[in-house]
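Using this note's numbering, you'd call the opening residue of the sequence shown number 563 and step up by one each time.
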Amino acid sequence: LSFSFLTHPRILRAMLRLTLEQLKKYDDEHGESQILFSIRGKIYDATSGREMYGVDGGYHMFAGHDVTKVLGTMDLSLDARDDLQYKPADEEEEETLSDWEKRLGAKYPVVGELVPMSKL
Numbered sequence: 563l564s565f566s567f568l569t570h571p572r573i574l575r576a577m578l579r580l581t582l583e584q585l586k587k588y589d590d591e592h593g594e595s596q597i598l599f600s601i602r603g604k605i606y607d608a609t610s611g612r613e614m615y616g617v618d619g620g621y622h623m624f625a626g627h628d629v630t631k632v633l634g635t636m637d638l639s640l641d642a643r644d645d646l647q648y649k650p651a652d653e654e655e656e657e658t659l660s661d662w663e664k665r666l667g668a669k670y671p672v673v674g675e676l677v678p679m680s681k682l
């Protein structure tokens, strides 16, 4: 686990740098208090939405995973998670994914970035 520091007008906070395997611990089941997911390499903190993303929530499948392909294709199968090679296939998928990034980004803060194991 490594950190970079960003300065906000009032706070100094560490930004997470996690691999996909490390992200999987933030699923509300493996002892981490935060609930995190990633989209296009950005890690979002959905802890404030625990009722939706926690163990009993309807979107629990997002917790601890990269959901870029899930949101771009609207494929809610477990196999659509964690596809780090996924790129939107067409303009419609790009627009769908961008809309979800805006919507979720307005609700949940970005707290870090997803990185390959070799970059830690």
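For every residue, glycine included, the Cβ atom is placed at its ideal position computed from N, Cα and C. Note that this is a predicted model, so its numbers are computed, not measured.
query                                                                                                  : result
DSSP three-state assignment for residue 570, whether helix, strand or coil                             : Reliability of the predicted coordinates at residue 570 is poor, the pLDDT of 46 falling under 50, and no value is obtained from them.
Contact between the region 593-608 and the region 621-639 (3+ Cβ pairs under 8 Å)                      : yes
Which listed residue (611, 638, 680, 609) has its alpha carbon closest to that of residue 623          : 638
Own chain, CB closer than 7 Å to residue 644, minus 5 neighbours either side, in chain order           : 582, 627, 628
Residue burial classification, residue 642 (beta-carbon count within 10 angstroms, cutoff 16)          : buried
Proximal residues to residue 678 (C-beta, below 6 Å), its chain only, five neighbours per side dropped : none
Selected residue, minimal CA-CA separation from residue 653, among 635, 667, 670                       : 635
Burial state of residue 669, where buried means 16 or more other Cβ atoms lie within 10 Å              : exposed
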